[in-house]
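**Student:** Residue numbers (the numbering used here): 279 to 431. Can you read through this structure? Questions will come right after.
Shown next as structure tokens:
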């Protein structure tokens, strides 16, 4: 266990040293040039975002958050919504499927995930409402013309 921690520390330290070396070599440039050089997706090494060494740090994660690395997850969320009536809203089945996907994805990347329940009250209309008066004059009211749900419902 100790060897594993030491090796991990050496790998992370080596990566940070390499990044720091790049930054120091670029120090004669303006701060915006330095920022662009460091954060440029074209400057990523082949291992930086693949194995969780750098992408689990506050400095490295933004470098790995590129469209090419996130598009597959967005497509999965779209597929989950499509399979659940076009919806992933809290309280509906698509929401739970989304939680399951995020949890399994993070666990497969080596994270320990704990889903914490919290109280949430939601209301989802099941269709247009019906309203009619029986007395004194029978009247049928038209949905979305004569009445509708309140915005705070």
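Here a beta-carbon is modelled for each residue, glycine too, at the ideal position from N, C-alpha and C. Being a predicted model, the structure only gives us computed values, none of them experimental.
Hey, residue 369 and residue 400 are a contact pair by Cβ (cut 8 angstroms); roughly how many whole angstroms apart?
**Tutor:** At roughly 4 angstroms, the Cβ-Cβ gap stays under 8 angstroms, so residue 369 and residue 400 are in contact.
**Student:** Give me, in chain order, the residues of the same chain whose beta-carbon lies closer than 7 angstroms to that of residue 428; leave out the 5 immediate sequence neighbours on both sides.
**Tutor:** Here the set comprises nothing.
**Student:** Leaving out five residues before and five after residue 393 in sequence, what residues of the same chain have Cβ atoms less than 7 angstroms from its Cβ?
**Tutor:** So the list reads 377, 381, once near-sequence residues are dropped.
**Student:** Exposed or buried, which one is residue 350 when buried takes at least 16 other CB atoms within 10 Å?
**Tutor:** So residue 350 ends up on the exposed side.
**Student:** Considering residue 419, what are the terminal residues of the beta strand (DSSP E) in which it resides?
**Tutor:** Start and end: 417 to 419.
**Student:** So, for residue 372: in the same chain, excluding its five sequence neighbours on each side, which residues have a beta-carbon less than 7 angstroms away from its beta-carbon?
**Tutor:** Taken in chain order, the residues that qualify are 358, 359, 362, 365, 366.
**Student:** Is residue 367 helix, strand or coil by DSSP?
**Tutor:** If DSSP states are grouped into helix, strand and coil, residue 367 belongs with coil.
**Student:** Assuming residue 409 contacts residue 419 (C-beta within less than 8 angstroms), just tell me the rounded distance between them.
**Tutor:** Indeed they touch by this definition, with Cβ atoms about 4 angstroms apart.
**Student:** Comparing C-alpha positions only, which one of 390, 387, 355 sits nearest to residue 374?
**Tutor:** When each option's Cα is compared against that of residue 374, the closest is 355.
**Student:** Report the option in 421, 425, 424, 348 whose CA atom is closest to the CA atom of residue 383.
**Tutor:** That would be 348, whose Cα lies nearest to the Cα of residue 383.
**Student:** Out of 397, 379, 406, state which residue places its alpha-carbon closest to the alpha-carbon of residue 424.
**Tutor:** Closest by alpha carbon: 406.
**Student:** So what's residue 355 in DSSP terms, helix, strand or just coil?
**Tutor:** Three-state result, residue 355: helix.
**Student:** Can you grab the Cα-Cα spacing for the pair residue 414 / residue 379, in whole Å?
**Tutor:** So the two alpha carbons sit approximately 56 angstroms from each other.
**Student:** Is residue 410 helix, strand or coil by DSSP?
**Tutor:** Here residue 410 sits in strand by DSSP.
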